[in-house]
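**Student:** So that we are looking at the same thing, I have put the structure below in structure tokens.
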């Protein structure tokens, strides 16, 4: 209480009542603890993780950064005045000799193949993780048997494990086991996304309106018919939305998998970097930006087209 | 078919045709991709050496190492090393996310429609404001569309192998994504409270922060947690570029053919992700209605 | 051209997208007066309140609040003017996730910068907390001080909104259909509370009401609106049943289309 403010007896009593109310107020302890922990983690990260860019204050590194920035300028234009004609000529030649456009095309295709495989896997396996279908008596509230419960748990855990490992690590491991081709990258992307789509699709199946499915069941449909002849078409709209939602991410990931040595855009970017051709590296990164933005626009367009129906 | 087929078709929505068309299109594109890409059927069958590696690697899946496979007196205890790798992964992810949250909050506010709407003014001013917002959205799209590993390639070339370069590489694309999602969340908030604050004479900033942000906060926090989970994966992968996180240890163990150690790192990474996933799932359950 | 009116509207017209909602309204309300705006929904009550509160600029005509025309103050001058007016909105405009105390403390947001405002809401000083508690006691829900606002009932939320408007220390209190979403028994209590509070504080009170009986019981002066025009404006004792019938005659059809305009 500030000195300038005289406390009357009424104020004191009221403050006591307020303090009592404050003690009894509902508190979301989980949230509080989480936020405090995150704050602490953030501070510790900067102190213990040695994140402060101290090197920026040191002369040699600053010169390094300046030199790097200078080398981002297209090679024929370094030290020259800017000329759009020369620039266009350089872009054309670079895209030809780094085969950047071909790599971009392959990146696009790799993402398509991976997401289609992931979606197929999700469509086939997700019913086994859905509470309403993978149960002793589908769509009824009858008590479940332990066997079915365990099956669902295992399927769900499988989805979690699939998406727990980053695509990059999966591809790294697969490359050592499979002969050199695009498959390690395709499979790594497909596996990670299968985990994500599988979980989302089984949730969609669980949340389907029970009425029509139940009457199909009463009419004698088998479990498989329920899942694929009725459930799949009903949940397809959602699944497609998710597929296109993930597609953009797939293109980004497919790009960087090239760093491991598979021919996508990342491969030529890494190649340019190792040769210290920073100008070419920047151009190829910008090409990947165009590719991702195009994929993003396409997936937004298709999602909207599907939803408008 | 069954009697209720019509009901089912109705529930499916109006355009099974569009869905079928998209499905067919995807299949055709996938087949085309099979032709374009270097994907022979033989690529799915491990080569002789690959079989050997796979056998040895997969054979040790259930026996992750608890100590070095080839012990050396100078080494620190193996599990201590794993724990340190995991801790460094968390630290890098947290550092990247702390920067990303700043980028996301600032860009999110100034790129949202809610910040710019109802400002009145004449044509020129309105156009100027519109172009500022459009420019910010473009910046966000650029930040998002370059993968964190490509940012890392750039920054490692510029700054060398420093934790700051790695954290910045995570922070930029994550910051862009957070900004986009935050702006969408705030824009979806009902405006009643903000308008009431405006009627009391609140400044635009107060109106935004106290009238709109609190309502969006539960979604914002839940989403930030989800991204934190993702940033753990990204931080682990940064190890492949020499930043000492779990990915770095994993790569070295792999190159040493110490497969049981590799599994330890794989399980450590998985456990870390699952731990944070459980944490953020708990938060969503208790916090977001 | 100075008047001692607290609120003044002169030939005010308002249209939204070509649809005319107010068609030349003249009203003068003296300081400390208690006035009810009555009329069928769609007659322009809400719009007139918003114009009088400086929240909406009229398409034509002038408004004066305590002798100041909000159209001439610019964005900066508007804020101190708005601070003088407490407004209880029909949708209340509370922040659901915050506690009741926060929502009341927000009432003085107009006096602060962003940081000062955050401080005053989330780290209130003892005198501020005491005042909030006193106000909540006055509106009858002191025990809800630290409850989350979205866990309160509709009637309790409305009381929080009234407390917020009072915490603002306004000279003028405007309330838009304060009983629209409250059951009849509680409606009477809410209107009674508003009138009492206005009398205690010497505030000018303008309330838009759908319920004629309440308006007649509590307000000495009634302004009847119909189709964007003032149908009558006199002391309650002089308003007869015929005026009311005229007010509501044939208004049924338009109601559905223009509700809340």
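Residue numbers (the working numbering), protein chains in the order written: chain A, 2 to 310; chain B, 35 to 323; chain C, 25 to 285.
A virtual CB, placed ideally from N, CA and C, is assigned to each residue, including glycine.
Since we're looking at a predicted model, the values are computed, not measured.
Identify the contact partners of residue 157/C in chain D, using a Cβ-Cβ distance below 9 Å as the criterion.
**Tutor:** Looking at the structure shown, chain D is missing, and the protein chains on hand are A, B and C.
**Student:** My guess is that residue 99/A and residue 292/A are in contact by the Cβ rule of under 8 Å, so how many angstroms apart are they, rounded?
**Tutor:** 14 Å between Cβ atoms; not a contact.
**Student:** Report the neighbours of residue 77/A on chain B: residues whose CB is nearer than 8 Å to its CB, in chain order.
**Tutor:** Correct list: empty, because the minimum Cβ distance to chain B is about 20 Å.
**Student:** At least one CB of chain C closer than 7 Å to the CB of residue 248/B: is that the case?
**Tutor:** yes
**Student:** Which chain B residues are close to residue 47/A, counting only those with a beta carbon under 8 Å from its beta carbon?
**Tutor:** 129 and 132
**Student:** At a CB-CB cut-off below 8 Å, which residues of chain B make contact with residue 254/A?
**Tutor:** 181
**Student:** Taking 7 Å as the CB-CB limit, is residue 12/A close to chain C?
**Tutor:** For residue 12/A, a Cβ of chain C is located within less than 7 Å of the residue's own Cβ.
**Student:** Could you list which residues in chain A have their beta carbon closer than 8 Å to that of residue 313/B, in chain order?
**Tutor:** 35
**Student:** For residue 89/B, count neighbouring C-beta atoms within 10 Å of its own C-beta (all shown protein chains included) and say buried if the count is 16 or more, exposed if not.
**Tutor:** The residue is exposed, with fewer than 16 neighbouring Cβ atoms inside 10 Å.
**Student:** Taking Cβ to Cβ, would you say residue 77/C is nearer than 7 Å to residue 198/C?
**Tutor:** The answer is yes: Cβ separation under 7 Å.
**Student:** Taking DSSP as the reference, what is the three-state secondary structure of residue 263/A?
**Tutor:** For residue 263/A, the three-state secondary structure derived from DSSP is coil.
**Student:** Anything in the segment 219-250 of chain B with a Cβ closer than 7 Å to a Cβ of chain C? List those residues in chain order, please.
**Tutor:** 226, 227, 229, 230, 231, 233, 234, 235, 236, 237, 239, 240, 243, 244, 245, 248 and 249
**Student:** Is DSSP giving residue 307/A helix, strand or coil here?
**Tutor:** helix
**Student:** Assuming residue 37/C and residue 46/C make a contact with CB atoms under 8 Å, what is their CB distance in whole Å?
**Tutor:** 6 Å
**Student:** So with CB distances below 8 Å, who are the chain A contacts of residue 167/C?
**Tutor:** 22
**Student:** Does residue 84/C come out as helix, strand or coil in the three-state DSSP assignment?
**Tutor:** strand
**Student:** Quick check: the segment 183-197 of chain B against the segment 100-120 of chain B, are there 3 or more CB pairs under 8 Å?
**Tutor:** no
**Student:** Tell me, please, whether the segment 123-142 of chain A touches the segment 205-225 of chain A by the rule of three or more beta-carbon pairs shorter than 8 Å.
**Tutor:** The segment 123-142 of chain A, when compared against the segment 205-225 of chain A, does touch it at the 8 Å Cβ threshold.
**Student:** If we cut at 7 Å on Cβ distances, does residue 87/C have a partner in chain B?
**Tutor:** no
**Student:** When the cut-off is 7 Å and only beta carbons count, does residue 184/C lie next to chain A?
**Tutor:** no
**Student:** In the DSSP assignment, what are the bridge partners of residue 96/C?
**Tutor:** Per DSSP, none; premise fails for residue 96/C.
**Student:** Identify, in the order they occur along the chain, each residue of the same chain with its Cβ nearer than 7 Å to the Cβ of residue 240/C, setting aside the five sequence neighbours on each side.
**Tutor:** 260
**Student:** Could you tell me whether the Cβ atoms of residue 185/A and residue 172/A are closer together than 7 Å?
**Tutor:** Closer than 7 Å, so yes.
**Student:** Along chain B, which residues have their Cβ under 7 Å away from the Cβ of residue 117/C?
**Tutor:** Per Cβ cutoff of 7 Å: 226, 227, 229 and 230.
**Student:** Return the CA-CA distance between residue 105/B and residue 292/B, expressed in angstroms with no decimal places.
**Tutor:** 11 Å
**Student:** Should residue 26/A be flagged as near chain C, meaning a C-beta pair shorter than 7 Å?
**Tutor:** Judged by the 7 Å Cβ criterion, residue 26/A is in contact with chain C.
**Student:** Short check: CB of residue 233/C to CB of residue 62/C, under 7 Å?
**Tutor:** In this structure, the beta-carbon distance from residue 233/C to residue 62/C falls below 7 Å.
**Student:** For the candidate residues 194/A, 145/A and 156/A, whose alpha-carbon lies nearest to that of residue 169/A?
**Tutor:** 194/A
**Student:** What alpha helix (DSSP H) runs, 4 residues minimum, are completely inside the segment 204-272 of chain C?
**Tutor:** 208-225, 236-242 and 265-272
**Student:** Going by CA-CA distance only, name the one from 252/C, 263/C and 253/C that's closest to residue 245/C.
**Tutor:** 263/C
**Student:** Could you round the C-beta distance between residue 184/C and residue 156/C to whole angstroms and report it? I think they count as a contact, below 8 Å.
**Tutor:** Wrong, their Cβ atoms sit about 10 Å apart, outside the cutoff.
**Student:** Go ahead and label residue 126/C buried or exposed: buried means 16 or more other beta carbons lie within 10 angstroms of its beta carbon, across all protein chains shown.
**Tutor:** The C-beta of residue 126/C has 16 or more other C-beta atoms within 10 Å across all chains shown, which makes the residue buried.
**Student:** Using 7 Å as the limit for Cβ to Cβ distance, is residue 224/A near chain B?
**Tutor:** Put simply, the CB of residue 224/A is far from chain B, with every gap to its CB atoms at 7 Å or more.
**Student:** Counting Cβ pairs, one atom from each stretch, are 3 or more of them under 8 Å apart for the segment 206-225 of chain C and the segment 132-152 of chain C?
**Tutor:** no
**Student:** If you reduce the DSSP assignment to three classes, tell me which class residue 28/A lands in.
**Tutor:** Three-state result, residue 28/A: coil.
**Student:** Looking at the structure shown, is residue 88/B part of a helix, part of a strand, or coil, going by DSSP?
**Tutor:** helix
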